[in-house]
Every structure is written in C-alpha cells, then in structure tokens.
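Novice: The structure's right below; bear with me while I get my questions together.
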Amino acid sequence: MDTQDTNQPLDEGKLEEEKKAAEVTDETATSAGDVSTIVVEKPQEEVESVTAEIEQTAPVNKEETTVEVAQPAEGVEESASNISLVEGEKEGKDDSEKGAVSVEEDAGLTVVKKYQHFNNNDEVIARLKEISESNCSVGKQEIDALKQTFYKIHAAEVEEAKKKFVENGGTDSDFAPISDSREEEFKEIMNVIKEKRNKNAEELEKIKEQNLQVKLTIINELKDMVESPEEASYGEFKKIQQQWNATKPIPQERANELWKNYQLYVEKFYDILKLNNEFREYDFKKNLEIKNRLCEIAEKLNDEPDVVSAFHQLQKLHQEFRDTGPVAKDLREDIWLRFKNASSAVNRRHQQHFEELKDEEQHNLDQKTVICEIIESIEWDTLKSFSGWEDKTQEVIALQNKWKTIGFVPKKMNSKIFERFRKDCDDFFKRKGEFFKSLKEGMNANLAKKRELVKMAEALKDSTDWKATADALSKLQKEWKTVGPVAKKYSDAVWKQFITACDYFFEQKNKVNNSQHSAEVENLEKKKEIIKQLNEIGEDVDDNEANDKVRALIKEWNEVGHVPFKEKDKIYEQFHSQVDELFKRFHISASNRNLSNFRSSISMSGNASSNLYREREKLVRAYENMKSELQTYENNLGFLSSSSKSGSSLLDELNRKVENLKADLELAQEKIKAVDDQLKQESGKTE
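Quick note on numbering: my numbering labels position 424 of the sequence shown as 424, and the sequence is numbered without any gaps.
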C-alpha cells in the first residue's frame, strides 16, 4: 500500500471541492498541451535563457550543460510536482547522452554560421544598429560573432589594399592603411550595446532577487502545509505548484538548494495528504496523458529536418516532463524509458550533426593546409621575368579566392592556419614587390641606354656616307636588341624615335641607290663601248697613234662612273686585258701601263673619300722617300771618277738607279694627280 493510503481520509465535502478545483486545473493544463509543440521555460538549474545570457563565447564542458532525462529513485513515489534531475539521475547515461554537444557550443556555432554570408561591414553595422535600437535581448554569442565578422572583413580589406600597394611597386614597410570611418561607428554602437546589456543585466539581477524571495515564501508556505496537515488543501497545493513553476529566473548559486528544499516538502505533502484512491488515480491518469503527449512530441522530433532546432525543442520537453507530476507506479518505468529513448535518438542525431561539422572542419583545414603548401613550394629562382611573376600572381590570387570559399576549420587551428596563410601571401607579394622594384631600376637604366641610342641614330640619319652610316646604324640596331625592356609607358615612344631615325636614313639611301643604279647601268654601256673601241684598234696603226688612242680611251674610261656591283669585276677584267694586249702590241712603256692600271683601279674600287686620302698620303710618303734617295745618289756621283774600271762600273750603276728613281718619281706624281682627280670627282658626286 502506498504511503499516502495510511493516512485518514479528509472530510468528503472538502475533498470533493478540492477535486473539482484540481479538475479545472488539469483540464486547463491538458487543453494548453493540445498544440503540436509545448513551450516550456528552461529548468531552474539552467536559470537563464541560453541565447540571452551566456557570458562566454567559448563552449563549456558538455557534461555540465547537456540535459538528461532522469529516472525516479527506486522506492520513492513521484510527486505531483517537479522531480529533480539531480536527485533522480540514478539510471546510467547511454553513449549518445554522454556525448551530447553543449547548448552553449551549439548556440555559438549556429550564430557564427548565421553571419558567414556577410560580404561587407555595412551589413554588420546595419545589424548592430538593429540590435542597439531593439528592446529584445540578444545573446553575447551574436554580438561576438558580429564583432568577429567586422574585424575579419576589415582585415581582408586592409590585406587587399596592401596587396594592391605592393603590386604597384610599394613595399610592406611603406604601406599605411587608410582610416576607416566605419570602425569608429562600429565602436560607438558596440558601446551603446554594452551599456544596454549592462543595464539589462542589473535589472535581471533585481528580478532574480525578487524571484528568490518569492520562492523562499513558497517553500515556507509548503512547510506550513506539511506541518499543519489539518489545513492542507490540494487545490492550494496546485496553486503553489503553478506559482513555483511560473517564477523564474533566480540566482544560479541558490537554484539547487531551493530546488531540493522545495522537492522535500512536495514529497512530504504527498506523504501526509489524506487523498483517497479515486482522486489519486485521477491525478495519475492526467499526468500519464501529459507524459504520453510529451513522448509523442519527442519521438516526432527525430524526423525534424533541423537537427539543432530539434535539440532545442527537446530541452523544453525535458523541462515540461520534469514539471509534470507522477504516474501510477507500475507505469513509471515504461513512460520513463519511452521518453528517454526518444531523447536519446534526438541527442544522437545532434551529436552526429556536430561530429559531421567537425569532420567538415577537419576537411577544410586539410584544404587550407594544401593551399599554404602550394604557396610555400614556389620556386623563387624560376621567377625572373615580368610574365613569370604575373602568371604566378594569378595562381596565388586564385588560391586566395579558393580560400574564401572554404568554410570554418577547428577553432583551435583557426588562428594558426590563417596566420600561416597570411604570412605565405605576404612573403609572396613582398618578393614580388622587391622584384618589380629591381625591375623598375633596371628598366630605368635600359631607358637611359635606349635614349642614348636614339640620339646616336638621329645624329646619323642625315649622313650621305651611305656604307659607313649603314654599318653604324646596323650596329646600333644590334646593340638595341641587347638592351633589356623598359616601362610600357615609355617603350613604344622610345622605339618609335629610334626606328624613325633608322628608317629615314635607309629610305634616303634607297632613293640614292635607285638613282645610282640607273646611272651605273648607263656607265656600264659606256665602258662596253670603250672596250669595243679598244678592240677596233688595228695592227696597221703606228705606235704613236696607237699610244694616243689608248691613252685617250683610258682617260675616258677613268672619267666614267661606277657600274653595277655584280658587273664590276667582269668589265674591269675585260678592259685591262684589252689594254695590256695593246700595250704589248704597240710597245707602250711599263710606267704608262702602271699608271693606267692605277687610275682604273681607284676609279673602279668605289673607295670612299677617306680611303682615297689614305692612298694619297701613302703616295706622298713614297714620293718623299724616293726624292731623298735620289738626292743621296746624286751626291754620291760627285765623289766618283771614271779613271778606273771599277769606278766606271759603279758610276754606271748609280746612273741607272738615278734614272729609275726619276722615272718612279714622275710616276708617283702622276698617281698623286690621279688620286686628286678622283677626289674631285667624288666630291662632285656628293654635291
């Protein structure tokens, strides 16, 4: 027999009156529970709303915050009020419940993910303004998440500005971020929110103290009912229960103590209450209906698509299950196991959800690690050109864009992997900046060299010394190719200056060559005619007449200008072959032949004026030497006499040498005159 049955029944009229009051109370509770989701406040042990009052952003120990379903202690009846989870946790926890993720950790991760899509700080500030102007309480996780998002975006903007600064030739040490007015606005709004939260916290503490006093009063009222059983009223007891459940929150440090005291007097009330079996069974029946409904709702949560939402709803169901009174003793184990199994299924899904999140975060960490390794493996020695650096820059930018698409990594590795990635990128763009700085200096030096080549080309473009100038410009063009690149904004202009000067010279040269070619063809015909006239000198002509004709034709030949280059040697050989044959035939002197050949040689060689001047200087030196030698021989002749045979022989030898030297001197004079005539002719062509 139950403990309650050992007491004497109360007055029947009074009992009937209390029963009706209880029925009204139970019907109200039942009708309120017909909705699909029961909204129940958090247990007193948790005291405050998780989303509104969590004071730390870091997840707490899972075992401290996971709500467990409690099994009533063996041999003690459930009271009509709440059953302490702390006191009732006599059954072992299954694996899924032991591993349940904390509410605070869950809330923190959910809030952080909420703001992942923010792309700029204007969105962050707009949300913070909403919070600062709203009367609704917002959890610390959301404030911290917005703060983290703001500075993450801010850091990314600074990093992007720094990257562009370095790409444009700046250095890390010279970079100074531009002041962002949004940061000041952000700090002002955060101060407003902080003051507002502090004020709300103060008001909440006052409410907690007031609720504490109310609950102390309730416990005293229960104590009075227990100590004065003759005045005990079930209807009054139900009202006290409702007032207790409606009063929350209270100071955390007093919650467990008050709950134990309250539970103690509730159990004592049931021990001494003279409640007949009919009314007791009615109470058990109503409690069973409520708990069955809670089990059904908990079982449906296993099909809820939103795992996190299902977990939160389960916490509310736990509180309502806890606040609901006892059922018949033979049904307690079954209803408990049913609710516990439904809770375990939800907890397992919740735990699995966060295990998957952890796996995903580890996968994200692996991807980000690979990105770092790719940047770190760049072979710097191979990047020696502008295009090489640009190609590698595009690869790094692509890796940065890929990094942005990868989600969160494990929290303990977040700062470490980000610092590694940022260091790798900073190192890359620092090296790139140094390369371009060096490249810029080299380009400036190259520009100076090319401008000097432009000056030299422009100084030569008007020259009419076609061959020498063409060679000089060709040499300048080859040197131009050896000079490295210059900045894009200068390269086209300086190249245009250089090539314009070169083109101008070669265009003028081509014009002259074209006109010369026509004259050379005409000269070729004239020289062929001279050769023809030489061939026509017959053997019947006497030596003197032949000599005059040959000399006249040689003079005419020398006065004719250049012929086409490819015909030069051929026509020259024909002419000299014919002249030599005539010289032999008509016994023309060797000196005349020598002079004739010399004149032909200088007229056909196409030597520049500088070469002719060198030839003249050579002839003058030879002439002076021979003149000095002649004077020596003539002086020696004055000391010799022909009295002896040997003296006569030596005298004859000296006389021959003197005559030969005189002939050579005359020939040298003729050659010098021939060179002078050729120089005059060349000068006339130039003019």
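For each residue, glycine too, the CB sits at the ideal point set by N, CA and C.
A quick note: this is a predicted structure, and the numbers were derived from the prediction, not measured.
Tell me whether T405 is buried or exposed, calling it buried when 16 or more other Cβ atoms sit within 10 Å of its Cβ.
Specialist: Within the sequence shown, the letter at position 405 stands for residue 405. Label assigned to T405: exposed.
Novice: Any idea what DSSP makes of V512, helix, strand or coil?
Specialist: As a working mapping, residue 512 is identified with position 512 in the sequence shown. Three-state result, V512: helix.
Novice: On the CB-based measure, 16 or more other CB atoms within 10 Å of its CB, does E634 come out buried or exposed?
Specialist: Taking the sequence shown and counting its residues from 1, one reaches residue 634 at position 634. It is exposed - the Cβ of E634 has fewer than 16 other Cβ atoms within 10 Å.
Novice: Could you check the C-alpha separation between E556 and K671 for me, to the nearest Å?
Specialist: Position 556 of the sequence shown holds residue 556. Position 671 of the sequence shown holds residue 671. Taking the straight line from one Cα to the other gives about 17 Å.
Novice: With a threshold of 7 Å on Cβ separation, who are the neighbours of D427 within its own chain once the five nearest residues in sequence on each side are excluded?
Specialist: Position 427 of the sequence shown, counted from the start, is the residue given in the question as residue 427. Sequence-distant partners of D427 (beyond 5 residues in either direction) whose C-beta falls short of 7 Å from its own C-beta are missing from its chain.
Novice: Just how far apart, CA to CA, sit F505 and L460?
Specialist: In the sequence shown, the residue the question calls residue 505 occupies position 505. In the sequence shown, the residue the question calls residue 460 occupies position 460. Looking at the two C-alpha atoms, the distance is approximately 8 Å.
Novice: Determine the direct distance from the alpha carbon of N119 to that of T316, and round the result to whole angstroms.
Specialist: Here residue 316 refers to the residue found at position 316 of the sequence shown. Here residue 119 refers to the residue found at position 119 of the sequence shown. As written in the sequence, residue 316 is Lys, which differs from the Thr given in the question. Using only the alpha carbons, I get a separation of about 35 Å.
Novice: Alpha carbon to alpha carbon, how far is Q148 from M190? Give it in angstroms, no decimals.
Specialist: Position 190 of the sequence shown, counted from the start, is the residue given in the question as residue 190. Position 148 of the sequence shown, counted from the start, is the residue given in the question as residue 148. Roughly 12 Å separates the two Cα atoms.
Novice: Less than 8 Å between C-beta atoms, sequence neighbours within five positions excluded: which residues of the same chain meet that for N261?
Specialist: Locating residue 261 in the sequence shown gives position 261, where the first residue counts as 1. So the list reads I219, once near-sequence residues are dropped.
Novice: With the cut-off set at 8 Å, would you say F150 and N168 are in Cβ contact?
Specialist: Translated into the one-based positions of the sequence shown, residue 150 becomes position 150. Translated into the one-based positions of the sequence shown, residue 168 becomes position 168. It is not a contact, given that the beta carbons lie outside the stated cut-off.
Novice: Relative to the C-alpha of N198, which residue among S132, N256, E227 is closest?
Specialist: Translated into the one-based positions of the sequence shown, residue 198 becomes position 198. Distance check between N198 and each of S132, N256, E227 places S132 closest, using alpha-carbon atoms only.
Novice: In angstroms with no decimal places, state the Cα-to-Cα distance between S181 and Q243.
Specialist: Here the question's residue 181 lines up with position 181 in the sequence shown. Here the question's residue 243 lines up with position 243 in the sequence shown. Their backbone Cα atoms lie some 52 Å apart in a straight line.
Novice: My assumption, with CB atoms under 8 Å, is that V560 sits in contact with L582. Please give the rounded CB distance.
Specialist: Looking up residue 560 in the sequence shown gives position 560. Looking up residue 582 in the sequence shown gives position 582. That belief does not hold up - the Cβ atoms of V560 and L582 are roughly 18 Å apart, past 8 Å.
Novice: Can you tell me whether Q394 is buried or exposed? The criterion is at least 16 other CB atoms within 10 Å of its CB, across all chains shown.
Specialist: For this step, residue 394 is matched to residue 394 along the sequence shown. It counts as exposed.
Novice: Could you name each continuous alpha helix (DSSP H) segment of 4 residues or more that falls completely within the region 295-378, going from the start of the chain to the end?
Specialist: Entirely contained in the region 295-378, the alpha helix (DSSP H) runs reaching 4 residues are, in chain order, 307-323, 329-376.
Novice: Locate the alpha helix (DSSP H) running through V166, then write down its first and last residues.
Specialist: The residue given as residue 166 occupies position 166 in the sequence shown. First-last of the alpha helix (DSSP H) with V166: 140-167.
Novice: Which residues in the same chain as L619 place their Cβ atom closer than 8 Å to its Cβ, once the five residues preceding and following it in sequence are excluded?
Specialist: Here residue 619 refers to the residue found at position 619 when the sequence shown is read from its first residue. Excluding residues within five positions, the ones whose Cβ falls inside 8 Å are A668, K671, I672, V675.
Novice: Please say whether V579 and L524 have beta carbons closer to each other than 8 Å?
Specialist: Taking the sequence shown and counting its residues from 1, one reaches residue 524 at position 524. Taking the sequence shown and counting its residues from 1, one reaches residue 579 at position 579. Cβ atoms of L524 and V579: not closer than 8 Å.
Novice: Can you tell me whether S343 is buried or exposed, with buried defined as 16 or more other CB within 10 angstroms of its CB?
Specialist: Sequence index remark: in the sequence shown, residue 343 carries index 343 (1-based). So S343 ends up on the buried side.
Novice: Grouping DSSP H, G and I as helix and E and B as strand, with all else coil, what is V560?
Specialist: Taking the sequence shown and counting its residues from 1, one reaches residue 560 at position 560. Three-state result, V560: coil.
Novice: DSSP on E624, reduced to helix/strand/coil?
Specialist: Residue numbering aside, residue 624 sits at position 624 when the sequence shown is read from its first letter. Three-state result, E624: helix.
Novice: State buried or exposed for H363, treating a residue as buried only when at least 16 other CB atoms are found within 10 Å of its CB.
Specialist: If you number the sequence shown from 1, residue 363 lands on position 363. Flag for H363 reads exposed.
Novice: Could you check what DSSP says for V758 in three-state terms: helix, strand or coil?
Specialist: In the structure as shown, the chain starts at 1 and stops at 687, and residue 758 therefore has no counterpart that could be examined.
Novice: Below 8 Å on the Cβ atoms is my guess for I290 versus T324; work out the distance and round it to an integer in Å.
Specialist: Residue numbering aside, residue 290 sits at position 290 when the sequence shown is read from its first letter. Residue numbering aside, residue 324 sits at position 324 when the sequence shown is read from its first letter. Confirmed, Cβ separation roughly 5 Å.
Novice: What's the C-alpha gap between M225 and R332?
Specialist: Here residue 225 refers to the residue found at position 225 when the sequence shown is read from its first residue. Here residue 332 refers to the residue found at position 332 when the sequence shown is read from its first residue. Near 27 Å, if we compare the C-alpha coordinates of R332 and M225.
Novice: Which of the three DSSP states is assigned to D542 in this structure?
Specialist: Position 542 of the sequence shown holds residue 542. Coil, per DSSP.
Novice: Where does F118 sit, in a helix, a strand or coil, going by DSSP?
Specialist: Working through the sequence shown from its first residue, we reach residue 118 at position 118. If DSSP states are grouped into helix, strand and coil, F118 belongs with coil.
Novice: If you follow the alpha helix (DSSP H) that E536 is part of, which residue opens it and which one closes it?
Specialist: Numbered from its first residue, the sequence shown carries residue 536 at position 536. Counting along the chain, E536 falls outside any alpha helix (DSSP H), and DSSP gives it neither H nor E.
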